[in-house]
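Down below is the structure, laid out as structure tokens.
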Amino acid sequence: MAEVALQNLNKNFDEVYAVRDVNLAIHDKEFIVLVGPSGCGKTTTLRMVAGLESISSGRILIDDKVINDLPPMDRDIAMVFQNYALYPHMSVYDNMAFGLKMRKFDRADIGRRVQEAAQILGIEQLLQRKPRQLSGGQRQRVALGRAIVRHPQVFLFDEPLSNLDAKLRVQMRVELKKLHDWLGTTAIYVTHDQVEAMTLGDRVVVMRDGLVQQVGEPLELYNEPANRFVAGFLGSPAMNFATVRVREADGVLWAENNGIRIRVLGQTAGRLRRHAGEQVTMGIRPEDLHLASAADPLELGFDAVIEVVEKLGSEILLDVAVGETTMVASVEPHVRVGVHEKLRLAINPERLHFFDTTSEVVI
Amino acid sequence: MTFTTVAAPRSYARTPRRGPVTRLLEDERWLAIVLLLPTVVLLGLFIAYPFIKGIMLSVTDTKVGVPGHFVGLQNFVNVWHDGIFRVAVWNTCIYTAIATIFKLALGLWLAVLLNNNFKGKAFTRAFILLPFIIPTVLSTLAWKWMFDPTFSVINWGLYRLGIIDHRINWLGDPDLALISVIIVNVWRGVPFFAISLLAGLQTISPELHEAAAIDGARAWQRFRHVTWPLLLPVTLVVMLFSVIQTFADFQLVYVLTGGGPANATQLFSTYAYQIGIGTGLLSQGATISLAVFPVLLVVVIVQLFYIRKAETH
Ligand SMILES: Nc1ncnc2c1ncn2[C@@H]1O[C@H](COP(=O)(O)OP(=O)(O)OP(=O)(O)O)[C@@H](O)[C@H]1O
Ligand SMILES: [Mg+2]
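Here the protein sequences line up with chains Y and A, keeping their order.
Positions in the first sequence are counted from 1; adding 751 to them yields the working numbering.
Positions in the second sequence are counted from 1; adding 2 to them yields the working numbering.
What follows is the structure, given as structure tokens:
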């Protein structure tokens, strides 16, 4: 059982405000992912939870107990570092046993726990080796093993997979997920990789410049981003943005610019009506664009010129010019298209996003 | 279709031919010889020649102005039965052991302190080096004044603090003299330890300390289980250097006490000087100097063995 709460958490290094007013209630057994671009304060937040960084203001609670002034060793947490931070002079066994020894577990218990963890992670044959005799993936497992032997209340991960190659990363991602399902320990996971965030997190926290942008389940963030930053950060290829003017004519709402003229329907139209006559930012994801067929109504599409064709096998990405804006469209892999060709793209009207151009907040 | 790839090797072939010297140096064997030459000459001139000359002197009865004859190992037998020589051996061992232990302890302590972040860190690090930078003879003369029975600031300070009620004769008292000499040696040697160990400390990733802290290790345990084992190879190398230097120390003792009082601070090197240069018995002096050699050799071999062991661990 461990709930972690961050309340009005702030951290500044002299003039640099690394973390600003972060509020977060992490539930028991939850796997929460902090994600954001480099320098947004993810690591700093995590290190404050670990007790490796002092707190400028605000509070951190574990199970309703304020831990601000508790040293790391008394917080009952385990951390997996980006560079693993394995003790180079100790064997794998000793690396994993160290925390237990320091906490005065008896020898038999230590042996049992290390064996158990080694078995879960599939590193039983490596126990006598030194860290430098291991591959990156094996080191990663040892670092995980060191964290799980203690059965801590909270796991902290700081980009634990970023030093692995792409294939191994995907594999370890799945294993981490399994491990968490199995252990059920509350976990805070930091990454700048949005795919990791989406796949691992029960909930995802998107951060920018030390500020929390949005907290929610992965699909919630993906489908209903709170602002332009979140919309652009999650998803690959990223969401397309175009500046459009909202125009109302005979009760019908249009989003227009030089090259686009789209009719806005349903609830979106209801929310957008207040901005009639103003400029707003329209967002549409690449997969919500498709090649227009005869069935697609004229007012839900626009003409585009292909600039680049990227064939990925499972899909084709078309970089297109639409008036003055460029967009990416993801289309079926069997579509035959060529550079400089003109085509008509249709949109999925329910999947349009609109953002205030200055505040970038969703409309 | 013509491709331009064929042009690449041709342009390579067109690079200007290199001169004969350059081509010779391209050969690694020749390059190695050229690079080694200055070192070999210097070492030969200032180390190997005196060493061999010393060995040759030690098996003769050469005195200043008197060319000697071959006398075999007679000098070594004489030295072996020389009471003062035995005192010097004993003093040198004590001097080296105690000084090294204190230099290590203080140096390590300073290094750990300096490894922290604090205001004026760079300045302090530079300041620490002062005893190491000042020429030994100069600083030792200053110490000589501080130890002077009449003018000693140390005595003055201790007296003012009410710790002593009479003058302490730092260099005149046989027991105190050795202690005083050791103090100065420690003072001069600590910077070398501190800076070298600090460099070693800085190669230890702070993440390891953080991991250990999270693993539940208190400050002392972190030092004991993480810092110390990772610093050990550096520590052993620094100690090796220090032992060799301390064992053959000369300037400091020569300036402070000249080996006295009554040979209380007589070391290998001061005794060799006294006999060889002071008395003019060149061959005897050379013999005493050479007697250090096997002792140091054993020390060095043992230490190198441990360094290898520490490094492979
Ligand atoms: N010890 C420090 N001293 C001064 N500034 C710091 C320190 N640590 C972090 N910062 C600053 O705080 C901000 C947040 O840093 P942080 O390491 O938390 O970013 P991050 O989100 O983990 O980024 P990354 O993805 O690159 O690891 C950055 O602007 C960084 O420069
Ligand atoms: Mg980081």
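Beta carbons are placed, not taken as given, at the ideal position from N, Cα and C, and that holds for glycine.
query: Assign LEU985 (chain Y) to buried or exposed, taking buried as 16 or more other Cβ atoms, counted over all protein chains shown, within 10 Å of its Cβ.; result: buried
query: Just checking my contact of ILE130 (chain A) with LEU106 (chain A) at CB under 8 Å: how many whole Å lie between their CB atoms?; result: That pair is no contact at about 16 Å.
query: Going by DSSP, what residue range makes up the alpha helix (DSSP H) through VAL946 (chain Y)?; result: 945 to 951
query: From A:HIS211, A:THR281 and A:PHE295, pick the residue whose C-alpha is nearest to that of ASN118 (chain A); which is it?; result: A:HIS211
query: What whole-angstrom Cβ distance do LEU1103 (chain Y) and VAL1015 (chain Y) have, given they're in contact under 8 Å?; result: 7 Å
query: Run the CB neighbour count on VAL8 (chain A), radius 10 Å, all protein chains shown included, and call it buried at 16 or more, exposed below.; result: Note that VAL8 (chain A) has pLDDT 47, beneath the 50 cutoff, so the model's placement of it is unreliable and the number below is only indicative. It counts as exposed.
query: For SER271 (chain A), which residues from the same chain have a beta carbon less than 6 Å from its beta carbon, with the 5 sequence-adjacent residues on both sides left out?; result: ALA250 and PHE252
query: Is MET3 (chain A) close to chain Y? Criterion is C-beta to C-beta, closer than 7 Å.; result: With a pLDDT of 46 at MET3 (chain A), under the threshold of 50, the modelled position of that residue is not reliable, and the figure given next carries that caveat. Judged by the 7 Å Cβ criterion, MET3 (chain A) is not in contact with chain Y.
query: So, are the CB atoms of MET853 (chain Y) and ALA264 (chain A) less than 7 Å apart?; result: no
query: Taking only beta-carbon atoms, is PHE832 (chain Y) less than 7 Å away from chain A?; result: yes
query: Does PHE1105 (chain Y) get closer than 7 Å to chain A when you measure Cβ to Cβ?; result: no
query: Rank A:THR267, A:LEU47 and A:LEU306 by C-alpha distance to the C-alpha of LEU2 (chain A) and give the top, closest one.; result: Residue coverage of chain A in this structure runs from 3 to 315, which leaves residue 2 (chain A) outside it and unanswerable.
query: Label THR205 (chain A) either buried or exposed according to how many other C-beta atoms from any shown protein chain fall within 10 Å of its C-beta, with 16 as the threshold for buried.; result: exposed
query: Per DSSP, what kind of secondary structure is HIS211 (chain A) in: helix, strand or coil?; result: helix
query: Can you tell me whether ILE136 (chain A) is buried or exposed? The criterion is at least 16 other CB atoms within 10 Å of its CB, across all chains shown.; result: exposed
query: I'd like to know if ILE206 (chain A) contacts chain B, where contact means its C-beta is closer than 7 Å to some C-beta of that chain.; result: The structure shown contains no chain B; its protein chains are Y and A.
query: To the nearest angstrom, report how far apart PHE194 (chain A) and THR98 (chain A) are at their CA atoms.; result: 15 Å
query: Taking 7 Å as the threshold (C-beta atoms), are LYS65 (chain A) and GLY282 (chain A) in contact?; result: yes
query: Since I believe VAL995 (chain Y) is in contact with VAL1031 (chain Y) (beta carbons under 8 Å), could you give me their beta-carbon distance rounded to a whole number of angstroms?; result: 6 Å
query: Per DSSP, what kind of secondary structure is TRP172 (chain A) in: helix, strand or coil?; result: coil
query: Counting only Cβ-Cβ distances shorter than 8 Å, please list the residues of the segment 219 to 234 of chain A near chain Y, keeping chain order.; result: ALA219, ARG220, GLN223, HIS227, VAL228, PRO231 and LEU232
query: Taking only the alpha-carbon atoms, compute the straight-line gap between GLU1111 (chain Y) and PRO969 (chain Y) and give it to the nearest angstrom.; result: 20 Å
query: Along the chain, where does the beta strand (DSSP E) containing ASN1008 (chain Y) start, and where does it finish?; result: 1003 to 1008
query: Consult DSSP for THR272 (chain A) and reduce its assignment to one of helix, strand or coil.; result: helix
query: Please report how far the alpha carbon of GLN922 (chain Y) lies from the alpha carbon of ASP916 (chain Y), in whole angstroms.; result: 10 Å
query: Taking the continuous beta strand (DSSP E) assigned at MET990 (chain Y), which residues delimit it?; result: No beta strand (DSSP E) holds MET990 (chain Y); DSSP gives it neither H nor E.
query: Mind checking PRO1035 (chain Y): buried by the 16 CB within 10 Å criterion, or exposed?; result: The question names Pro, but residue 1035 (chain Y) in the sequence shown is Ile. Burial call: buried.
query: Could you work out which residue in A:THR102, A:GLN76 and A:PRO52 is closest to TRP189 (chain A) when comparing CA atoms only?; result: A:THR102
query: What does the shell around ligand 1 hold, if a residue joins when its beta-carbon is under 5 Å from any heavy atom?; result: Y:PHE764, Y:VAL767, Y:ALA769, Y:SER789, Y:GLY790, Y:CYS791, Y:GLY792, Y:LYS793, Y:THR794, Y:THR795 and Y:HIS943
query: Would you say the segment 919 to 936 of chain Y touches the segment 948 to 964 of chain Y, given that touching needs at least three Cβ pairs under 8 Å?; result: yes
query: For ALA836 (chain Y), return the contacting residues in chain A, with the cut-off set at a CB-CB distance below 8 Å.; result: SER207, GLU209, LEU210, GLU212 and ALA213
query: Use the C-beta contact count for THR794 (chain Y): other C-beta atoms within 10 angstroms, 16 or more gives buried, fewer gives exposed.; result: buried
query: May I have the straight-line CA-CA distance separating ILE1011 (chain Y) from PHE1053 (chain Y), to the nearest angstrom?; result: 6 Å
query: Are the CB atoms of LEU1040 (chain Y) and LEU1096 (chain Y) nearer to each other than 7 Å?; result: yes
query: What did DSSP end up calling VAL8 (chain A) once you bin it into helix, strand or coil?; result: With a pLDDT of only 47 at VAL8 (chain A), under 50, the local geometry of the prediction cannot be trusted, and the value read off the model is given with reservation. Helix, per DSSP.
query: Considering only the alpha carbon of each residue, which of Y:HIS943, Y:ARG897, Y:ASN914 and Y:SER987 lies closest to ALA214 (chain A)?; result: Y:ARG897
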